[in-house]
Amino acid sequence: INPNPKSAKHKTYTLLITLALYAIPLVLGNNPHTPMKLTWQVYSQTGEVIWSISATHTPGTWWPTLTPDFCQLAAGLNSWDIPNRSYDQLSTYMTPRPPGWGMPGCATPTARCRLGQHDFYACPKEGRDRSQEKKCGGYETYFCSSWGCETTGDAYWKPSSSKEFITILKNFTSHGKSPSDCYRPPESYYRGGKSLPLQIQFTERGKKHLAPWLTGRTWGLRWFMTGGDLGIILKIRLSQTPIMMSPIGPNPVLGDQRAPSDPRQPESPPPRSTSIPNDTHHTPTTSLNIPPAPTLPGSGERLLDLIRG
74 INPNPKSAKH KTYTLLITLA LYAIPLVLGN NPHTPMKLTW QVYSQTGEVI
124 WSISATHTPG TWWPTLTPDF CQLAAGLNSW DIPNRSYDQL STYMTPRPPG
174 WGMPGCATPT ARCRLGQHDF YACPKEGRDR SQEKKCGGYE TYFCSSWGCE
224 TTGDAYWKPS SSKEFITILK NFTSHGKSPS DCYRPPESYY RGGKSLPLQI
274 QFTERGKKHL APWLTGRTWG LRWFMTGGDL GIILKIRLSQ TPIMMSPIGP
324 NPVLGDQRAP SDPRQPESPP PRSTSIPNDT HHTPTTSLNI PPAPTLPGSG
374 ERLLDLIRG
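Heads up, the sequence shown is in the working numbering, so the first residue is 74 and it goes up one at a time.
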């Protein structure tokens, strides 16, 4: 016989709480539908994350449109006109305005306008067999050594492929066809350092398998222009971060942490009215039936009541 039933019930209450707390992370960790913090990142050729977007979703259900700016991807590369610029330091004029038409690029509004007049195409690094890898080349040619390697882009011949994981289009309006058009009012559209945004969307094939995105997929992008098709390398990667649970601490609602109380004993019936027969000198007395004040249950008892119920 336990000499202290209150102590036993208090231990039961503590054990139930402990087991529940240990069970929560096990259930969440094994549930593939548990929401997580998802972050889609776009890397430049320099290895920097130049653009990202985050939200809380179930993995495999969130495929947002990615909108990095092309000049963010070109920043810091010697092959472009902003080799000394960081992706987060793009401004209206990054070099003096050149005489004449100047070259397409990112350094000035005129250069950005001229670049935006051209088409571009993109070629994937992954998803190639050996013969295609040999045909399309590597980083030095942006995986676009030969025509037919391009699988997406924004060009007059509309490059596409049923095997592609994404589509890449212009997210800006090109103005005119001639270099002279970039010295007219349309130049104002390119005054911002980031005025050549791209629109990257996932295809249905790209949404089928999540695992490759966790390590990242890579593309080369080249502009179709006279004198050689300049380009950049970009990588898209998904990061998943578990949502941290709030620290467990005192709950103001459960401030009363008393152990479960003993079951209430049945009350004795109240005494009946009594009188002394044939005695006119005594007045009959009656005891008042006043119920005892109720004892409020502690939180421990409320928890056990929930389990029993």
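Note that the Cβ used here is the ideal one computed from N, Cα and C, for glycine as well. Small disclaimer: the values here were computed from a predicted structure and weren't measured.
List the residues that DSSP assigns as beta-bridge partners of Gly304. Arg295
From the DSSP output, which residues share a beta bridge with Leu271? Lys243
Helix, strand or coil, according to DSSP, for Leu111 in the structure here? strand
Quick one: what does DSSP say Gln190 is sitting in, helix, strand or coil? coil
Can you tell me whether Ile123 is buried or exposed? The criterion is at least 16 other CB atoms within 10 Å of its CB, across all chains shown. buried
Classify Asp142 as helix, strand or coil using the three-state DSSP reduction. strand
Whole angstroms are fine: how far does the CA of Phe275 sit from the CA of Leu99? Any reading at Leu99 is ruled out, since the residue's pLDDT is 49, under 50, leaving its predicted position unreliable.
Which value, in whole angstroms, describes the spacing of the CA atoms of Phe116 and Gly279? Note on identity: in this sequence residue 116 is Tyr, with Phe being the wrong assignment. Approximately 18 Å between the Cα atoms of the pair.
Flag this pair as yes or no: are the beta carbons of Gly289 and Arg310 separated by less than 7 Å? yes
Assigned secondary structure, Gln162 (DSSP; H/G/I helix, E/B strand, else coil): coil
Please classify Asp202: is it buried, with 16 or more other beta-carbons within 10 angstroms of its beta-carbon, or exposed? exposed
Run through DSSP, which three-state label would Tyr215 get? coil
Who does Asp227 pair with in a DSSP beta bridge? Phe193
For Pro315, the residue or residues it bridges with in DSSP: Met109
Whether or not the region 140-158 and the region 265-275 are in contact is what I'm after, with contact meaning three or more pairs of Cβ atoms, one per stretch, closer than 8 Å; do they touch? yes
The beta strand (DSSP E) spanning Trp124 covers which residue range? Val122 to His130
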